[in-house]
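Visitor: Dropping a structure here in structure tokens format, bear with me for questions.
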Amino acid sequence: RAKAEGRSTFRFFTAQMQQRSAARLKLEAELRRALDKRELQLYYQPQCNMQGQLVGVEALLRWMHPELGVVAPVEFIPLAEESGLIVPIGMWVLQEAIEQMRDWRERGIRVPAVAVNLSALQFRQPLLVEQISRLLHEAALPAECLELELTESVVLEDPDDALGLMERLHNLGVRLAIDDFGTGYSSLNYLRRFPVDRLKIDRSFVQDLEQGRGIAIVRAIVSLAHSLGFVTIAEGVETPAQLAQLRRLRCDEVQGFLFARPMALLPFEAWLQRHHMVGPDGESWSFEL
Ligand code: C2E
Ligand code: MG
Ligand code: MG
Ligand code: MG
32 RAKAEGRSTF
42 RFFTAQMQQR
52 SAARLKLEAE
62 LRRALDKREL
72 QLYYQPQCNM
82 QGQLVGVEAL
92 LRWMHPELGV
102 VAPVEFIPLA
112 EESGLIVPIG
122 MWVLQEAIEQ
132 MRDWRERGIR
142 VPAVAVNLSA
152 LQFRQPLLVE
162 QISRLLHEAA
172 LPAECLELEL
182 TESVVLEDPD
192 DALGLMERLH
202 NLGVRLAIDD
212 FGTGYSSLNY
222 LRRFPVDRLK
232 IDRSFVQDLE
242 QGRGIAIVRA
252 IVSLAHSLGF
262 VTIAEGVETP
272 AQLAQLRRLR
282 CDEVQGFLFA
292 RPMALLPFEA
302 WLQRHHMVGP
312 DGESWSFEL
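Residue numbers (this note's numbering): 32 to 320.
Written out as structure tokens, the structure reads:
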């Protein structure tokens, strides 16, 4: 009986796996065409300092699938990475983000910087630095307008190569941020040598701020970052209590649903138009446009 059950379980799993891989293949084929069909779109999430001034926006990819609706990155970035599609898609993201910055500048809309996420495979493209340099040049934008977000695993996959690349990007004037800081394997030795501008404190630590240990970890990250000369930005700030704690811990900047979710272009521009935001503490949170 056990044997029969085992066999049927086996059959069940293979059927499920086949189904899943067929679905994956379909999605991969669709993703391959998504760029040409203009189904990819950037959402923008504001980043603010503790005075409520806009310091930048993070560009976050969305796939407007004709049947599935808005597909979040968790659903397709891994697929894009495995298939190599992340290289052309990532290049599109860079182009689009830089083009949008140029457009805002021309229209007098002051967005100080745009942050773009980079995958490991993109980071290993031999012409990456030249391509970024050319895009910035064509848009006549100062390199400081662009920030690249790298995770610890992207950087530490091959730290010596990464260090060289980061130095070339840094020399262009492009800003560098370590994303999801604290969740990967961080080598303090490399951190000291990397030409990084900002550490992004992962959302999981921000969520833990209601507890003693969470506070200790964020305090340690902020202190480490500051002693290395990095700016700290907390990701995933959702509550006034988290904001108050982050302010007490001297974290420099914040990003999260408390202020704004990632928004499509038009809602984001509408958000920008509201010159004055009222902060959770009741004080006026304003920024100039
Ligand atoms: P990430 O770079 O760490 O981006 C932050 C994620 O946290 C975003 O998810 C954002 O929507 C979400 N978030 C922001 N504030 C809050 C908050 O207060 N609460 C909660 N619960 N979540 C918040 P999203 O947009 O789904 O992106 C997920 C990940 O996908 C990103 O994590 C990034 O690793 C990746 N990704 C997004 N766009 C790109 C891209 O253009 N290229 C690459 N390579 N990866 C991308
Ligand atoms: Mg990011
Ligand atoms: Mg992150
Ligand atoms: Mg993340």
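Yeah, the Cβ is synthetic: ideal placement off N, Cα and C, and Gly gets one too.
Closest by CA to Leu91, which one among Tyr216, Asp239, Asn148?
Guide: Taking the first residue of the sequence shown as 1, we reach residue 91 at position 60. Nearest of Tyr216, Asp239, Asn148 to Leu91, Cα basis: Asn148.
Visitor: If you count every other CB in all the chains shown that lies within 10 Å of the CB of Arg229, and 16 or more means buried, which is it?
Guide: For the purposes of this step, residue 229 is taken as residue 198 along the sequence shown, with counting starting at 1. With 16 or more other Cβ atoms within 10 Å, it is buried.
Visitor: Tell me the rounded alpha-carbon separation between Glu300 and Asn80.
Guide: The residue you call residue 300 lines up with position 269 of the sequence shown. The residue you call residue 80 lines up with position 49 of the sequence shown. Whole-angstrom Cα-Cα distance: 19 Å.
Visitor: Between Ile117 and the rest of its own chain, which residues show a CB-CB distance below 8 Å, the 5 nearest in sequence each way excluded?
Guide: By one-based count along the sequence shown, residue 117 stands at place 86. Counting only Cβ-Cβ distances below 8 Å, and skipping sequence neighbours, we find Ile108, Ala111, Ser150, Leu152, Gln153.
Visitor: Between which residues of its own chain and Arg32 is the CB-CB distance below 6 Å, once the five residues before and five after are set aside?
Guide: What you label residue 32 is simply residue 1 of the sequence shown in a count that begins at 1. In this prediction, Arg32 scores a pLDDT of 48, lower than 50, which makes its location untrustworthy; the coordinate-derived value is nonetheless stated afterwards. Cβ neighbours of Arg32 beyond the five flanking positions: none.
Visitor: Would Ala146 and Glu198 be called neighbours here (beta carbons separated by less than 7 Å)?
Guide: Translated into the one-based positions of the sequence shown, residue 146 becomes position 115. Translated into the one-based positions of the sequence shown, residue 198 becomes position 167. No, these two residues do not count as a Cβ contact at 7 Å.
Visitor: Among Leu125, Ala193, Glu266, Gly287, whose alpha-carbon lies nearest the alpha-carbon of Ser164?
Guide: For the purposes of this step, residue 164 is taken as the residue at position 133 of the sequence shown. Closest option to Ser164, Cα to Cα, is Leu125.
Visitor: Hey, how far is the Cα of Gln205 from the Cα of Ala251?
Guide: Mapped onto the sequence shown, residue 205 falls at position 174. Mapped onto the sequence shown, residue 251 falls at position 220. Before going on, a small fix: residue 205 reads as Val here, not Gln. Whole-angstrom Cα-Cα distance: 27 Å.
Visitor: Identify whether Val268 lies in helix, strand or coil by the three-state DSSP scheme.
Guide: Counted from its first residue, the sequence shown places residue 268 at position 237. Three-state result, Val268: coil.
Visitor: Please report the distance separating the alpha-carbon of Gly243 from that of Leu255.
Guide: Here residue 243 refers to the residue found at position 212 of the sequence shown. Here residue 255 refers to the residue found at position 224 of the sequence shown. Roughly 18 Å separates the two Cα atoms.
Visitor: Taking the alpha carbon of Trp123 as the reference point, which residue from Pro157, Glu70, Gln78, Gly100 has its own alpha carbon closest?
Guide: Residue 123 sits at position 92 when you count from the first residue of the sequence shown. The shortest C-alpha separation from Trp123 is found at Glu70.
Visitor: So Tyr75 packs on Pro271, CB below 8 Å; how close in whole Å?
Guide: Along the sequence shown, one-based indexing puts residue 75 at 44. Along the sequence shown, one-based indexing puts residue 271 at 240. Between Pro271 and Tyr75 the Cβ distance is about 23 Å, and since that is not below 8 Å, they are no contact.
Visitor: Give me, in chain order, the residues of the same chain whose beta-carbon lies closer than 7 Å to that of Asp233; leave out the 5 immediate sequence neighbours on both sides.
Guide: As a first step, residue 233 must be located in the sequence shown, where it is residue number 202. Taken in chain order, the residues that qualify are Asp211, Phe212, Gly213, Thr214, Glu266.
Visitor: Can you check DSSP and say which residues form a bridge with Arg63?
Guide: On the sequence shown, residue 63 is found 32 positions in, with the first residue counted as 1. Partner(s): none; Arg63 has no beta bridge.
Visitor: Can you tell me which residues form a DSSP beta bridge with Gly204?
Guide: On the sequence shown, position 173 is the one that residue 204 refers to. DSSP lists no partner for Gly204.
Visitor: Given that a residue counts as buried once 16 or more other Cβ atoms are within 10 Å of its Cβ, and exposed if not, what is Pro157?
Guide: The residue labelled residue 157 in the question sits at position 126 within the sequence shown. By the neighbour-count rule (16 or more Cβ atoms within 10 Å), Pro157 is not buried but exposed.
Visitor: Taking Phe82 and Glu284 to be in contact with their CB atoms under 8 Å, please state how far apart those CB atoms are, rounded to whole angstroms.
Guide: Residue mapping note: residue 82 aligns to position 51 of the sequence shown, counting from 1. Residue mapping note: residue 284 aligns to position 253 of the sequence shown, counting from 1. In the sequence under discussion, the amino acid at residue 82 is Gln, which differs from the Phe named in the question. 10 Å between Cβ atoms; not a contact.
Visitor: Between the Cα of Ser184 and those of Val86, Leu222, Arg63, spot the shortest distance and give me the residue it belongs to.
Guide: Along the sequence shown, read from residue 1 onward, the residue named residue 184 stands at position 153. The residue with the shortest Cα to Cα distance from Ser184 is Leu222.
Visitor: Can you list, in chain order, the residues of its chain whose CB lies under 6 Å from that of Asp312, leaving out five sequence neighbours each side?
Guide: The residue labelled residue 312 in the question sits at position 281 within the sequence shown. Confidence at Asp312 is low in this model, with a pLDDT of 45, below 50, so its placement is unreliable and the value that follows should be read with caution. No residues qualify anywhere along the chain.
Visitor: For Ile140 and Arg55, what's the separation of their Cα atoms in angstroms?
Guide: To locate residue 140, count along the sequence shown from 1; it is residue 109. To locate residue 55, count along the sequence shown from 1; it is residue 24. Near 41 Å, if we compare the C-alpha coordinates of Arg55 and Ile140.
Visitor: Starting from the C-beta of His96, find all residues in its chain whose C-beta is less than 6 Å away, skip the five residues before and the five after it, and write them out in chain order.
Guide: Here residue 96 corresponds to residue number 65 of the sequence shown, with the count starting at 1. Taken in chain order, the residues that qualify are Val102.
Visitor: Quick one: what does DSSP say Ala301 is sitting in, helix, strand or coil?
Guide: Your numbering for residue 301 matches position 270 in the sequence shown. Correct three-state label for Ala301: helix.
Visitor: My understanding is that Leu166 touches Leu200, with C-beta atoms under 8 Å, so please give their C-beta distance in whole angstroms.
Guide: Residue numbering aside, residue 166 sits at position 135 when the sequence shown is read from its first letter. Residue numbering aside, residue 200 sits at position 169 when the sequence shown is read from its first letter. Actually they are not in contact, since the Cβ atoms of Leu166 and Leu200 sit about 13 Å apart, beyond 8 Å.
Visitor: Taking Leu219 as the reference, which of Leu207, Val249, Arg133, Leu187 has the closest Cα?
Guide: The sequence position of residue 219 within the sequence shown is 188, counting from 1. Selected option, being the one with the closest Cα: Leu187.
Visitor: State the Cα-Cα distance for the pair Pro226 and Arg93, rounded to the nearest angstrom.
Guide: As a first step, residue 226 is located in the sequence shown; it is residue number 195 there, counting from the start. As a first step, residue 93 is located in the sequence shown; it is residue number 62 there, counting from the start. When rounded, the distance between both Cα atoms is 30 Å.
Visitor: Closer than 6 Å: is that where the CB of Glu70 sits relative to any heavy atom of ligand 1?
Guide: Counting from 1 along the sequence shown, the entry for residue 70 is found at position 39. The answer is no for Glu70.
Visitor: Distance check for Ser235 and Pro173, CA to CA, integer angstroms please.
Guide: Counted from its first residue, the sequence shown places residue 173 at position 142. Counted from its first residue, the sequence shown places residue 235 at position 204. Whole-angstrom Cα-Cα distance: 33 Å.
Visitor: How about Leu296 and Val268: do their beta carbons lie closer than 7 Å?
Guide: The residue given as residue 296 occupies position 265 in the sequence shown. The residue given as residue 268 occupies position 237 in the sequence shown. It is not a contact, given that the beta carbons lie outside the stated cut-off.
Visitor: Measuring CA to CA, which of Leu240, Leu207, Ala53 is closest to Arg224?
Guide: Numbered from 1 along the sequence shown, position 193 holds the residue referred to as residue 224. Of the candidates Leu240, Leu207, Ala53, the one whose C-alpha sits nearest the C-alpha of Arg224 is Leu207.
Visitor: Would the beta-carbon of Glu161 be found less than 6 Å away from any heavy atom of ligand 1?
Guide: The residue labelled residue 161 in the question sits at position 130 within the sequence shown. No, the beta carbon of Glu161 sits no closer than 6 Å to any heavy atom of ligand 1.
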